[in-house]
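Residue numbers (this note's numbering): 77 to 319.
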């Protein structure tokens, strides 16, 4: 069994999501061969050197899972693209490139966070190119922690404000870009998160039937895509009530 999740946006202010995730690790992920986390695992990440006790707690939980034999793979999202190898070593997980082609159940599958598919949002794409530039990443990682925290709050607030103001079509993926990346990587299945619009889309690329699977975000409920001998199934589940 293989499990894929994304967009948990873990933070101390949402203990309900944290409890649900820890339960998910204990009860479901422990039975899986692999767990893939496709970005925006944390609501914000200012650098491995700025990890909070809460973030260390999550790393410990992942390490405990990895020690049972479940392989854990993590991909950057737009909120936590500064996660580095120090966190991955502590958590016992492997950092994936975005995009990344993997073999799942004998099929080549393209995994992405999904934000790079939203090319109609030109302002966001400009900001993404700026922030992901190697020089920008170097500068960000070497800013004082207080400055990084201030910048993270500013970017998060601006993102929330701009998203509310943008048309739905702008904040969703661009169909032509989906077709382009699927054709480029020669795959029939694309799995991504980011848009918070869980669904399975049947498409045609180069005359071939393909599918785009969008992972659900964890907010009012949790989501996980499970791949096993029965096929693929994504289903929501209730967040754990407060003890």
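Backbone N, C-alpha and C fix where the C-beta goes; we use that ideal spot for every residue, glycine too.
- Put simply, the backbone Cα of residue 191 is about 32 Å away from that of residue 144.
- Distance check between residue 116 and each of 92, 227, 159 places 159 closest, using alpha-carbon atoms only.
- Between the alpha carbons of residue 308 and residue 183 lies a gap of roughly 12 Å.
- Close CB contacts of residue 201 within its chain, under the 7 Å cut and outside five residues either way in sequence, are with 195 (chain order).
- Judged by DSSP in its simplified three-state form, residue 142 adopts helix.
- Residue 111 and residue 170 have their C-alpha atoms roughly 10 Å apart.
- The three-state reading of DSSP puts residue 93 in helix, counting H, G and I together.
- Residue 164 is not a Cβ neighbour of residue 141, given a cutoff of 8 Å.
- In this structure, the alpha-carbon of residue 218 lies about 10 Å from that of residue 125.
- Burial is judged here by how many other beta carbons sit within 10 angstroms of a residue's own beta carbon; residue 304 has fewer than 16 and is exposed.
- By the Cβ rule, the segment 206-221 does not count as touching the segment 259-273, because fewer than three pairs are nearer than 8 Å.
- Contact between residue 249 and residue 265 fails: their C-beta atoms lie close to 15 Å from each other, not under 8 Å.
- Judged by DSSP in its simplified three-state form, residue 179 adopts strand.
- In this structure, the CA atom of residue 120 is about 18 Å from the CA atom of residue 137.
- DSSP places residue 251 within a helical segment (H, G or I) once states are collapsed to three.
- Per DSSP, residue 135 has no beta-bridge partner at all.
- With respect to residue 312, residue 302 sits apart: the two C-beta atoms are not nearer than 8 Å.
- In terms of Cβ geometry, residue 316 and residue 99 form a close pair [threshold 8 Å].
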